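Residue numbers for the sequence shown follow our numbering, so the first one is 3 and each next one is one higher.
No residue lacks a Cβ here, since even glycine has one placed at the ideal position from N, Cα and C.
From a predicted model like this one, the values you see are computed outputs, not experimental measurements.
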Amino acid sequence: MRKIKNELCNNRRLLSVVLAIIDVAFIALLLIGLCMGIFGKHTYNFSIEYGEEHSNKNYAQMYYAPSVKKMTEEDSINAYFENKKANFKIKMSLAEINNNLFRVDPINTLEVYSIKSITFSDFCGNSIEVSGSKLEKYISSRKDVEYEVHDDGLYITALTQDNMFILSQKLNYKVVKLFLNRQLVLFYIGTFCYLLFGILQFVLLCQNNDDKKHSRIFNFLSAFITYILTALGGALLYGFWYMQKNFKDVPIGQIIYHLNTPLEGTNTSSFSVIFISIILIIIICVLMVTFGLLIFRKKKNKWIYKFWMSLLGCIAIGYSIILCCFHFDIISYLKYTKQDSTIYEDNYVDGRDVAITFPKEKRNLIYIFLESMEMTYSDQSVGGAMSENYIPELTQISLENENFGIYGKLNGAYTTSGATFTMGGLVAQTSGVPINENLISNDTLNSKWESDNNYVPGVWAIGDVLKGEGYNQEFLIGSDKKFAGRSSYFHGHGNYDIFDYYTAIDRGYIDDDYMVWWGYEDEKLFEYAKNELNNLASKDEPFNLTMLTVDTHFTDGYVCELCQNQYDEQYSNVIECSSRQVSEFLDWIKQQDFYDNTTVVISGDHLTMDSDYIERQNATDFNRRTYFTIVNGAAVNEKPCVEREYTTLDLYPTTLAALGVQIEGNRLGLGTNLYSGEDTLIEKYGLDYINVELLKDSQLYRKKLLYGKN
Numbered sequence: 003m004r005k006i007k008n009e010l011c012n013n014r015r016l017l018s019v020v021l022a023i024i025d026v027a028f029i030a031l032l033l034i035g036l037c038m039g040i041f042g043k044h045t046y047n048f049s050i051e052y053g054e055e056h057s058n059k060n061y062a063q064m065y066y067a068p069s070v071k072k073m074t075e076e077d078s079i080n081a082y083f084e085n086k087k088a089n090f091k092i093k094m095s096l097a098e099i100n101n102n103l104f105r106v107d108p109i110n111t112l113e114v115y116s117i118k119s120i121t122f123s124d125f126c127g128n129s130i131e132v133s134g135s136k137l138e139k140y141i142s143s144r145k146d147v148e149y150e151v152h153d154d155g156l157y158i159t160a161l162t163q164d165n166m167f168i169l170s171q172k173l174n175y176k177v178v179k180l181f182l183n184r185q186l187v188l189f190y191i192g193t194f195c196y197l198l199f200g201i202l203q204f205v206l207l208c209q210n211n212d213d214k215k216h217s218r219i220f221n222f223l224s225a226f227i228t229y230i231l232t233a234l235g236g237a238l239l240y241g242f243w244y245m246q247k248n249f250k251d252v253p254i255g256q257i258i259y260h261l262n263t264p265l266e267g268t269n270t271s272s273f274s275v276i277f278i279s280i281i282l283i284i285i286i287c288v289l290m291v292t293f294g295l296l297i298f299r300k301k302k303n304k305w306i307y308k309f310w311m312s313l314l315g316c317i318a319i320g321y322s323i324i325l326c327c328f329h330f331d332i333i334s335y336l337k338y339t340k341q342d343s344t345i346y347e348d349n350y351v352d353g354r355d356v357a358i359t360f361p362k363e364k365r366n367l368i369y370i371f372l373e374s375m376e377m378t379y380s381d382q383s384v385g386g387a388m389s390e391n392y393i394p395e396l397t398q399i400s401l402e403n404e405n406f407g408i409y410g411k412l413n414g415a416y417t418t419s420g421a422t423f424t425m426g427g428l429v430a431q432t433s434g435v436p437i438n439e440n441l442i443s444n445d446t447l448n449s450k451w452e453s454d455n456n457y458v459p460g461v462w463a464i465g466d467v468l469k470g471e472g473y474n475q476e477f478l479i480g481s482d483k484k485f486a487g488r489s490s491y492f493h494g495h496g497n498y499d500i501f502d503y504y505t506a507i508d509r510g511y512i513d514d515d516y517m518v519w520w521g522y523e524d525e526k527l528f529e530y531a532k533n534e535l536n537n538l539a540s541k542d543e544p545f546n547l548t549m550l551t552v553d554t555h556f557t558d559g560y561v562c563e564l565c566q567n568q569y570d571e572q573y574s575n576v577i578e579c580s581s582r583q584v585s586e587f588l589d590w591i592k593q594q595d596f597y598d599n600t601t602v603v604i605s606g607d608h609l610t611m612d613s614d615y616i617e618r619q620n621a622t623d624f625n626r627r628t629y630f631t632i633v634n635g636a637a638v639n640e641k642p643c644v645e646r647e648y649t650t651l652d653l654y655p656t657t658l659a660a661l662g663v664q665i666e667g668n669r670l671g672l673g674t675n676l677y678s679g680e681d682t683l684i685e686k687y688g689l690d691y692i693n694v695e696l697l698k699d700s701q702l703y704r705k706k707l708l709y710g711k712n
C-alpha cells in the first residue's frame with residue numbers, strides 16, 4: 003500500500019513539473035504570439051477604386067518609407083488596373099504600417115480621373131474602406147495634382163505624369179487599430195484558456211499535505227515573488243489602460259520630458275484618481291493571492307498555485323510592456339534619438355541674421371494662449387467637428403477676423419512634434435522652434451532650468467525682438483511660473499515681468515491658502531489682466547502682454563462660477579465657458595483707448611490631450627488644429643480666401659507681421675509669415691514628414707539652440 007502511495011506521489015510530482023513547464027510554454031507562446039501579431043510581417047492588400055476603366059493605361063504605384071525623402075523605387079509597389087481597381091500587395095508588420103508614410107501615384111499619365119474609394123484589408127478578410135468625400139480627410143499632401151471633392155469621391159486633374167498623394171497617418175492608425183484588435187482577441191482567448199488550465203491543475207494536483215513541508219525560506223520567497231509579480235502586473239495593466247485611454251496621442255518622449263522638468267505648481271488633483279486606483283489594485287491583488295494561499299495552506303503542491311499566479315502576473319506585465327511599446331511608439335523614440343536630420347540646417351532662420359523693420363509707430367501686442375483650445379470644438383457647418391458649437395463666441399471672432407482660411411470657415415494651426423504640450427506650444431509660437439523632447443529627455447539640457455536663460459538659450463524669440471525695440475513685456479498665468487521652465491524661458495527671452503499665482507498672493511488679491519485647479523481660475527486671470535493692461539498702457543513705451551488660461555486643461559476642465567450646465571459633458575461646458583470669457587475680455591479691450599494701436603492674437607497652445615473626450619465626440623478622424631485668430635492686425639494677407647496649411651511654428655513671424663513689422667525673407671525660426679505668399683514647411687513637405695524630422699537629432703538644434711553655442 004505504501005509503495006502504491008509513494009508511486010502516486012512521485013507521479014503527481016512528475017505531473018506537477020510537466021504542467022509547470024506547460025504553463026511557462028503557454029505564457030511564452032501567448033507573449034510571442036502577441037509580439038508576432040504586432041511586429042511580425044503579414045501580407046495586406048491596399049486597393050484603389052476608380053470611377054473609370056483604366057485597364058489599357060499605365061500602372062499605379064505606391065511608395066512607403068518613414069519619411070517622404072526616403073521613398074525610393076526600391077520601396078515601391080506597382081499595380082496594374084483591373085475592373086476599375088488597382089490592387090497593391092504589401093508585406094509588413096502593424097508596427098511598420100503605424101510608422102511609415104504611404105505615397106500613392108494613382109495614374110502615371112496626364113489626364114483627368116476620379117477615385118471613388120480606397121480599401122485596406124488583411125489576410126483574414128478584415129477591411130477598412132474610405133469612400134466619397136471622406137477621402138479628403140486622409141490626404142496629407144499632394145503634388146502636381148488638383149482635385150475637387152464630391153459626395154461620390156475625388157475628381158482629379160493630373161498636372162504632370164508624376165502626380166501623387168501622400169496619405170495621412172490617420173489612415174494608418176485607423177488600419178492598425180482594427181487589425182490590432184483582431185490580434186488582441188486571440189490573446190484574450192489564450193489568456194482565458196490559461197485560466198481554465200490553472201483550475202484544472204488545482205483539481206489534479208492539490209490534496210491533503212502529508213508530505214514533509216518545504217522550508218520556511220522557500221515558502222516565504224515563493225509567496226513574496228507571487229505578491230510582487232501579481233501586484234506589479236495589476237498596476238501596470240491599469241497604468242497602460244489609463245495611459246492609452248487618456249494619453250494615446252501623446253508620444254513617450256513628451257511623457258519622459260515632463261518627468262525631467264520642474265513640477266512646482268503642478269495640479270495633482272486630477273491625477274489623484276490614478277494613484278488611488280493603483281493602490282486599490284495592488285491591495286486587491288495582494289488579497290487575491292492571500293485568499294488563495296489560505297485556501298491551499300493545507301494542500302501539498304500549493305507551490306503550483308503560487309507559480310500559476312506569478313505567471314498570470316507575468317502575462318499582465320508582458321502585455322502592458324508590449325502594448326506600451328506599440329501604442330506610444332517607444333521603438334521609434336529610441337530609433338530617432340540615434341538618427342540625424344538636417345531640417346534645421348536647411349530651413350532655420352535666425353532673427354539676428356535678417357532685417358526686421360518696425361513701423362514708426364510701434365503697435366502693442368496682446369497674445370492670449372488658450373489652454374487646449376481647438377477649432378475642433380466648433381460645429382461642422384463652419385469647419386469644426388462637433389454636432390453642436392461649443393465655442394460660438396470664438397467662432398464668430400475668428401470668422402470676422404483673420405484665420406488664414408476661406409470665407410465662412412474656421413482654420414487653425416497644426417501642431418508638430420515637440421509642440422503638443424504647453425511649454426512646447428509656448429516656445430513654438432514665440433520662437434518658431436519646437437521642444438525636441440527626445441533630446442531633452444536624454445539629458446542634453448539641464449532639467450531644473452533654475453537660471454534666467456538656460457531654457458533653449460540659443461533661440462531668438464519674439465520676446466528678444468520686442469525687447470530690442472523697447473517694449474515693456476509681461477507674462478500672466480494663474481499657476482506657478484516655475485512649472486516646466488516657463489520662468490526661465492520668459493525671463494531669458496525678453497526679460498518679461500511674470501505675474502503668477504504667487505504674485506496674486508503677494509499683492510493680496512487672493513489669500514495664502516487659496517488654491518483651485520492649478521492656482522487661481524481664469525475668471526480672476528482676466529480681471530487681473532485688465533489691471534495689468536491699464537498699467538502697461540499708461541507708460542510711454544509699447545507693450546506686449548502675453549497670458550495663458552488654464553481652466554480647459556484636461557481632464558474635464560475646471561468648472562468655475564461662470565460656467566453653465568448646457569451640455570451633458572463637463573468638458574464641453576468648461577470649453578463653452580472659456581469661449582464666453584475670452585469674448586467678454588476682447589469686448590473690454592476694444593473699448594479701451596489703446597485698442598486702435600493694439601493687435602490681439604488668440605491661439606490655442608496645443609490640442610487637448612483628452613483623447614477619450616475626442617473619441618466620445620466622434621472627432622477622432624477630424625483634421626484637428628488649434629484655434630487661431632488675429633484681431634486688428636496691421637498687415638494685408640497676400641493670399642486672401644485661401645485655406646493655408648500651417649503649424650504653430652508659423653505664428654512667430656506671422657505675429658510680428660501683424661504688428662506691421664517687415665521681415666526680410668518672410669521667415670523666422672522654422673516658421674513662415676502667413677501674410678506673405680511664401681509656402682509654409684508643411685505646404686512644401688507635408689505634416690507627416692516634418693513631424694518625423696523634428697523628432698530626430700540635429701547638430702544645429704543641439705549645439706546652438708539648446709546650448710546657445712555657435
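Mind checking residue i: buried by the 16 CB within 10 Å criterion, or exposed?
i, result
"Lys706", "buried"
"Pro361", "exposed"
"Ala659", "buried"
"Asp445", "Note that Asp445 scores 45 on pLDDT, short of 50, meaning its location in the model is unreliable and no value can be drawn from it."
"Asn536", "exposed"
"Ile692", "buried"
Report the rounded CA-to-CA distance for residue i versus residue j, giving the unit in angstroms.
i, j, result
"Leu186", "Leu36", "7 Å"
"Asp514", "Glu529", "19 Å"
"Thr657", "Leu683", "17 Å"
"Phe222", "Thr650", "58 Å"
"Leu296", "Ile306", "14 Å"
"Lys526", "Lys176", "42 Å"
"Ser389", "Glu571", "13 Å"
"Thr74", "Tyr65", "7 Å"
"Val114", "Tyr522", "59 Å"
"Leu33", "Ile92", "25 Å"
"Ser449", "Lys483", "Note that Ser449 scores 46 on pLDDT, short of 50, meaning its location in the model is unreliable; the coordinates nonetheless yield the value given after this. Near 15 Å, if we compare the C-alpha coordinates of Lys483 and Ser449."
"Phe545", "Ala506", "21 Å"
"Asn575", "Glu617", "17 Å"
Which same chain residues end up closer than 6 Å to residue i when comparing Cβ atoms and leaving out the 5 residues on each side of it in sequence?
i, result
"Glu680", "Asn668, Thr674"
"Ala703", "Before going on, a small fix: residue 703 reads as Tyr here, not Ala. Tyr346, listed in sequence order."
"Cys643", "Ile408, Tyr409"
"Leu372", "Thr551, Gly606"
"Asp25", "Leu313"
"Thr232", "Cys287, Val291, Met311, Gly315"
"Asn438", "Gly420"
Quick check on DSSP: helix, strand or coil for residue i?
i, result
"Glu138", "helix"
"Glu131", "strand"
"Arg669", "strand"
"Asn533", "helix"
"Arg144", "strand"
"Arg105", "strand"
"Asn403", "coil"
"Ala81", "strand"
"Val351", "strand"
"Leu676", "coil"
"Asn89", "strand"
"Gln475", "strand"
For chain B, find out if any of its Cβ atoms is closer than 9 Å to the Cβ of residue i; answer yes or no.
i, result
"Glu373", "Protein chain content of the structure displayed is limited to a single chain, and chain B is not contained in it."
Who pairs with residue i in a beta bridge, going by DSSP?
i, result
"His44", "Met94"
"Ser116", "Tyr157"
"Asp381", "Met388"
"Gly465", "In DSSP, Gly465 forms no bridge with anything."
"Gly606", "Leu372"
"His152", "Gly155"
"Tyr629", "Gly414"
Apart from the five residues on each side of it in sequence, which residues of its chain come closer than 8 Å, Cβ to Cβ, to residue i?
i, result
"Trp590", "Lys532"
"Leu428", "Phe371, Arg488, Tyr491, Leu550, Asp607"
Enumerate in chain order the residues of its own chain whose CB-to-CB distance from residue i is below 7 Å, with the five nearest sequence positions on each side excluded.
i, result
"Tyr229", "Val288, Val291"
"Glu543", "Gly472, Tyr473, Asn474"
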